């Protein structure tokens, strides 16, 4: 692989990996770990070598829960040194509000007020860490905010408590003078039967109810929308349209299954292509963050093959998207599909209701044309397969 | 069945049926109709006899597309007379923007500007009809607003056009002085591969971007959220929390399947119970609207069994919910689950960040308690099965 | 609750629980255990008190992997004593071929021949234990027999190896003179991306390819077929029709989600009713085995509420099924649905092809009747809700 | 595109299309047709021009139900002439047992014995047509054989009737001396709530219960297994392993949705690649049959773009599969994954149980290796995207 085939990751591509992703030891509900835990400092070095821009982390990924203040400071300093040495940045930081058994009924929406308060406190500490490490974005994934037995929580109360927690934490950031934006990460289910804020849409709406809506966006994840069979491209499109795509989690997933977090591109290459094309066309400037992990049957070497593969496929798809958009056949098919016309306003100031009503009589004539979607979609497949 | 067993529908229960629901002739993608079309006037009479409060309709359900102005007026007058005679009301009206082949690429988001304009014009005419008939709510279901080949529409353009259309129509209602509110009905897919505004959440967010957000709410449908495996109770909860539950479509559906629109209660009785309980506790005052149809292997008699069954099950579940909420064992289990505590604010004005941070050290102690969800959920099952 | 309300479990109901079910400590992919591990002997005593007939186990549930022969014998003797003391039986035994990291690529279908041989060896040891404890049925759940990257295994090779392993083990049972039947437990996915023998159907077919097909049946699980959205009642029906229902795993699950293993009846009460009705009508004589666990937010007391709830709901549904089948309205609706006629042969020996061909001309007349499925299904709902 | 780029379909590729696929007029549950019906003779000519080998048909696709004997003969003769003129063959024929309203409760498993007999009669007539046209395979898709309300049919009775019907029809074929094999086409749901024989596995098992099992195989369809989220490649693998892949239906589908029947390759290119690779490696000799249709927003030209696209993508994937299998990096990764070793028997005649049991002690050592699945899967992605 030569450096100029366009498939070699470089810092300017802004690829990031969670410490917990390359560090995933391969535990699952039916079996224990298959790989050793990695030292976060080693992960930093390996990711730098592979061409990543940065890392992301939960508080507990770096500083094991229960560490003393002195241990914490020592760990953080050593980690900081590794970042400085490699030039890696911190794309985002977040709080682990799911692993401790106290969060078994929720964190910000636990029925136990003591747990809710402890969750906010833990998030504050973790925000301090994120700010100290210079994270761009602070993510909230409410994995335990949900129910198996829905009768145990009035969803209106739960949303009220969720809002309260985010408001309190946004105030905290402002009071501390941190330069941090929040991004909420929706997920429909797992580990809870049903999770509050299950989709990009629910999270976008929720943001509008906050005291500081401008400070909060979303962190959509391929696997999460895909579990519910929703179009990730449409969802990210709505977030971009709203100016709320603050971060993104890239991976792969089959619909209607447990959370798989496969290597980016390992499933549904067409959707992955459309996603990359959308991000690039929208000039998304945030981290391209991989929240994925190697298959459980991999050894440590496989982990780095996995990480390299995530970035390589992103770059290959970005290149395919560029190629697609300049092909004359594609431009022609786009025109036949009237795709550019969708950007044109439907009415103008001069339109009167009576005129529009009259135009409805033209439906039969309007039904005759086709939209060349087969041609366009086949061109996409051709480009994706490299046969055009 | 005596009138006082609590299972007999009466107008004060506000049950409504779409003309297209009892009138569904049993056509599906693999076979033609199995029942005759019904005269809407006959449906009005039958529904009144069964105890419904009202009906709902698409423009074309009542006035076949292509009717002359004179025919339209005659049809409407005859229908109006049936409503007057029976005392039935019109719960909601809506526009058929999906059946005409001109809408094959979308209505408000068709790539063809002419189609978009015709769709707005058709909606205006249909709003006139809805207002004339005294509809409470005007629904928009954008069944054709979507894609199979996502490359053919930039989702940001599509949402922009969708917003434009709703804004124009809201202005129209205000200009005409109609007393109508809008309700958007989300759906994830079918008949399009992926539909814009796929869930309650996406629709609630979209409403916040409109020029007249106060005028617009949602019309969630059991089948639609359920197709994507989302919790309908959580979704309706978010709509109620936002003050946006303007209408509701009741039916039944299995997850991950074609749109089934089964009789209310025919699938997932626990979720149906939780839904009815939520609506009743929230004092939802709108129509209880059944958007469902009889199994295709029914004859005309079966249609009315179907309609009676929808209402009967709603009433049985409402009664079970009342019984559940007053049971001493339930109150005790609710307390053990700390369900009422979720309504308590988590922090108060006097809370300092340092104090909250310190409380995080208490997580181990907070992990010990249980939440009695098994007991509570089994009580629910007991009540549902009538064994308690 | 008095002992004669019909809802009190007794040994003759043949309810069994896996040691791993009541013993489940509440670990999941995002968090550690929330409950202490139980001593299997304590579980035996508690289950006996609750009215269960027996227990089931994986080898490692009782004898931790790596125990010495002496430890093993001591553990088994102590467990045996508890069984003798309580009178509990062993419904089934099975091998844990999924937890050890060596099985990360499969057990009987691992690409590594050494792993495949070790898996067969471990199964032989475990069969010895099962026979020693007097298990009725020996179950094989091939949770690791599958792929994430399907290119890594030719499915034909995998099935060949799977068949070889079961054949070898069946021979072993015969050689040892054990009185054991095998039951294969299908599952579509999790913990592998796709598992071989994903459904009841695939397993039934596979059994027909074995050297000793008569010795092998299936152990269907509610959650497993339901994950894929398949009808569990139809699947169990096919197994019964084939004479192959050797064991059954009862629990609850929502479609298209991670493996939930909820309390029996906690989801989809109608399907649970139909299942219980089918088992009872078919005089299924095997254990009614609960392969489920308490919600993760339960404390130890909740575990026994969970176990009691599984049995209580089964009994309540069995009682409802009896009530349903004797209701005159149901008999009438069954007749209107022509349900009994489906048991009548369609043709008889005297039928000539020409006659049958001619009958096809009668389709229009045959289309007129209805099948009263709405009436029948509403009666089912009425009985289920206890309002009839 | 020159004829020798390997992407030009030729008769030896054995591509076939159903008359109902290119002839699909674009009707769906929410809207009427968007395209004119095609004359089957025109379809034959167009498909021949595009390079297809043959066509397939339902009886009613060619001869409208209700045609007189004379009309039938005239239609068949004209169609036959078109086949002769173009050299196109008939890959398979089948009976339409779903469109007529008489089949609303089932055909071979209708509760009405008269319907069951008429269904058998219609199938006999249609088999006569298939034999007359020289079809290789006769397919049975039991789209109406199922339930919405499962209580209305005992599944054991339904399977018994299903078996009876296939047995009677197999006898008929033998008696008539037709050279026809049967292929059963499984589907999980739609148009029925749940369909009997929902998957490849269920159908394979059912075949084993027939009087003439050797005469009957399966006709799996991408969309059908995929609706239920099952691995199509594993399913086809099981059919090939059993020697039962008599025919195949190629198209594309997203999991957990209505039956989409998209252009082959329009969804999940990786699964499509693996499927084509499996078929080619297994030397599948039957028709490559496309059971798909153009997007509904296409005009007539789009239909032929659709048809060309199906074949082009198949050829591109076959070419990619060949390229993949000869790449040295792939051979190396396959070896690292131990993929070839899965073809080796696990035990040999000399193996004693004790030896195998002892090998289980080696699990810890066996756990250390990795299986290089990330490397292998990324190579697959590279080849698929044409970057290697």
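Protein chains in written order, with this note's numbering: chain A, 933 to 1320; chain B, 933 to 1320; chain C, 933 to 1320; chain D, 933 to 1320.
Heads up, the beta-carbon is just placed ideally off N, CA and C, and yes, glycines get one too.
As the structure is a computational prediction, the values presented were derived from the model and not from experiment.
Check your understanding: When burial is assigned at 16 or more other CB atoms within 10 Å of the CB, is residue 1163 (chain A) buried or exposed?
Key -> buried
Check your understanding: Does the beta-carbon of residue 1010 (chain C) have 16 or more other beta-carbons within 10 angstroms, so that it is buried, or is it exposed?
Key -> exposed
Exercise for review: Return the residue from the list B:1311, B:1295 and B:980 that minimises the CA-CA distance to residue 1037 (chain A).
Suggested key: B:1295
Practice item. Please work out which residues of its chain come closer than 7 Å, Cβ to Cβ, to residue 953 (chain B), disregarding the five sequence neighbours upstream and downstream, and give them in chain order. Key: 1222, 1223, 1224 and 1225
Review point. What does a CB cutoff of less than 7 Å around residue 1206 (chain C) pick up in its chain, not counting 5 residues either side in sequence?
Key: 1165
Check your understanding: Counting Cβ pairs, one atom from each stretch, are 3 or more of them under 8 Å apart for the stretch 1038-1053 of chain A and the stretch 983-991 of chain C?
Key -> Taking a cut-off of 8 Å for Cβ pairs, the stretch 1038-1053 of chain A and the stretch 983-991 of chain C do not touch, as fewer than three such pairs fall below it.
Review point. Cα-Cα, which of D:1071, D:1067 and D:1077 is closest to residue 1121 (chain D)?
Key: D:1077
Exercise for review: Taking residue 1104 (chain B) as part of the alpha helix (DSSP H), name the residues at either end of that continuous run.
Suggested key: 1087-1108
Check your understanding: Short check: CB of residue 1186 (chain C) to CB of residue 1199 (chain C), under 8 Å?
Key -> Yes, the Cβ-Cβ distance between residue 1186 (chain C) and residue 1199 (chain C) is below 8 Å.
Point to revise | Proximity test, Cβ basis, 8 Å: residue 1316 (chain A) and chain D | key: yes
Check your understanding: In three-state DSSP terms, what is residue 933 (chain A)?
Key -> Residue placement at residue 933 (chain A) cannot be trusted, given a pLDDT of 42 that sits under 50; the coordinates are not used to answer.
**Study point:** Interface residues of the stretch 1095-1120 of chain D facing chain C [CB-CB below 7 Å]
**Key:** Answer in chain order: 1096, 1097, 1100, 1104 and 1120.
Check your understanding: Name the DSSP beta bridge partners of residue 1115 (chain D), please?
Key -> D:1071 and D:1149
Practice item. Can you tell me the Cβ-Cβ gap for residue 1100 (chain B) and residue 1308 (chain A), rounded? I've got them flagged as a contact below 8 Å. Key: In fact, because the Cβ distance is near 29 Å, the residues do not count as touching under 8 Å.
**Study point:** Coarse secondary structure for residue 1081 (chain D), derived from DSSP in three states
**Key:** coil
Exercise for review: Following the continuous beta strand (DSSP E) through residue 1022 (chain D), name the residue where it begins and the one where it ends.
Suggested key: Residue 1022 (chain D) -> beta strand (DSSP E) spans 1021-1026.
Point to revise | Residue closest to residue 1249 (chain B), alpha-carbon to alpha-carbon, out of B:1210, B:1216, B:1192 and B:1277 | key: B:1210
Point to revise | Residue nearest to residue 1170 (chain D) in terms of C-alpha spacing, selected from C:1168, C:1193 and C:1090 | key: From the listed residues C:1168, C:1193 and C:1090, the smallest Cα separation to residue 1170 (chain D) is found for C:1090.
Practice item. Taking only beta carbons into account, state which residues of the stretch 1029-1047 of chain C come closer than 8 Å to chain A, listed in chain order. Key: Correct list: 1030, 1031, 1032, 1033, 1035, 1036 and 1037.
Check your understanding: Per the contact definition of three or more C-beta pairs closer than 8 Å, is the stretch 1224-1242 of chain C in contact with the stretch 1298-1314 of chain B?
Key -> yes
Check your understanding: What residue from A:1274, A:1262 and A:1245 has the CA that sits closest to residue 938 (chain A)'s CA?
Key -> A:1245
Point to revise | Straight-line Cα distance separating residue 1167 (chain B) from residue 960 (chain C) | key: If you take the alpha carbons of residue 960 (chain C) and residue 1167 (chain B), they lie about 25 Å apart.
Exercise for review: Return the CA-CA distance between residue 1144 (chain A) and residue 1088 (chain B), expressed in angstroms with no decimal places.
Suggested key: One Cα belongs to residue 1144 (chain A), the other to residue 1088 (chain B), and the distance between them is close to 24 Å.
Review point. Who are the neighbours of residue 1128 (chain A) on chain C, taking C-beta pairs under 9 Å?
Key: Near residue 1128 (chain A) there are no residues of chain C at all, since even the closest Cβ is about 15 Å away, more than 9 Å.
Review point. Nearest chain D C-beta to residue 942 (chain B) closer than 8 Å, yes or no?
Key: no
Exercise for review: Drop a sphere of 10 angstroms on the beta-carbon of residue 1258 (chain B), count the other beta-carbons inside from all chains shown, and report buried for 16 or more, exposed for fewer.
Suggested key: exposed
Exercise for review: Please name the residue in B:1060, B:964, B:1177 and B:1190 whose C-alpha comes closest to that of residue 1032 (chain D).
Suggested key: B:964
Review point. Straight-line CA distance for residue 1315 (chain B) to residue 1182 (chain C)?
Key: Taking the straight line from one Cα to the other gives about 21 Å.
**Study point:** Beta-carbon neighbours of residue 1158 (chain A), restricted to chain C and to distances below 8 Å
**Key:** Chain C residues near residue 1158 (chain A): none, gap ~11 Å exceeds 8 Å.
Check your understanding: Got a sec? Which residues, its chain only, sit under 8 Å from residue 1070 (chain A) by beta carbon, not counting five neighbours each side?
Key -> 1024, 1025, 1026, 1059, 1062, 1105, 1112, 1113, 1114 and 1115
Practice item. Evaluate residue 1043 (chain D) with the Cβ neighbour count: other Cβ atoms within 10 Å of its Cβ, from every protein chain shown; 16 or more gives buried, anything less gives exposed. Key: buried
Review point. Roughly how many angstroms separate the alpha carbons of residue 1280 (chain A) and residue 1213 (chain A), rounded to a whole number?
Key: 27 Å
Check your understanding: Are the C-beta atoms of residue 1228 (chain D) and some chain B residue less than 8 Å apart?
Key -> Cβ-Cβ to chain B under 8 Å: yes for residue 1228 (chain D).
Practice item. Output the boundary residues of the beta strand (DSSP E) element that contains residue 988 (chain C). Key: It spans 986-990 - the beta strand (DSSP E) in which residue 988 (chain C) sits, taken as one unbroken run.
Point to revise | Proximity below 8 Å, CB of residue 972 (chain D) to CB of residue 993 (chain D) | key: yes
Practice item. Specify the secondary structure class of residue 971 (chain C) as computed by DSSP and reduced to three states. Key: coil
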